[in-house]
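K.L.:
So in the working numbering, spot 96 of the sequence shown is number 80, and the numbers just go up one at a time.
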Amino acid sequence: MSRKPRIEYRGAVYHVMNRGDRGGKTCKDKLDYELFLSAMDEVCERTGWRLHAYVLLPNHFHWLLETPEANLVLGMKWFLGAYSQRFNARHGQRGHVFQGRYKAVVIESDSGAYFETVSTFPVLARA
């Protein structure tokens, strides 16, 4: 069975999440968190995304983001690849860092309190 295509359009708001491969860590230490945040900033700069909130845990992340252009797929492809390459190079590893396909839930303006609920994630402070 084929996958459904991603829904992309200008001004879309998404709850994006992904987990570590086989439940593994995507951030093992403080330097990995900094590497992740740096790549996150870079993808936002490259794509014009507006990141409203995020949660970064050792084995997964959640983003609440808005895409002024219809470029979620392009940006996620770059981010997941770039971070994985940097993480693997740093730890002398190869292969997947993230598990399968990321999940992206479109948040419609009429979806009630979902935007508010998602945006109340505790945001990790930058050092």
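Glycine is no exception: its CB is placed at the ideal position from the N, C-alpha and C atoms.
1) Quick one: what's got a C-beta closer than 7 Å to G8's C-beta in the same chain, skipping five residues either side?
2) Where does K(-12) sit, in a helix, a strand or coil, going by DSSP?
3) State buried or exposed for Y(-7), treating a residue as buried only when at least 16 other CB atoms are found within 10 Å of its CB.
4) What do you get for S22, buried or exposed, if any count of 16 or more other CB atoms within 10 angstroms of its CB means buried?
5) Between T51, R(-10), T10, which lies nearest to T31 when the distance is taken from Cα to Cα?
6) Could you pull the DSSP bridge partners for M1 from this structure?
7) Below 7 Å CB to CB, which residues in the same chain sit around D16 once its five sequence neighbours on both sides are set aside?
8) Are V0 and W47 closer than 7 Å when you measure CB to CB?
9) Taking 7 Å as the threshold (C-beta atoms), are L58 and L35 in contact?
P.N.:
Walking through what the data contain:
1) N43
2) coil
3) exposed
4) exposed
5) T51
6) In the DSSP assignment, M1 forms a beta bridge with H46, K87.
7) F71
8) yes
9) No.
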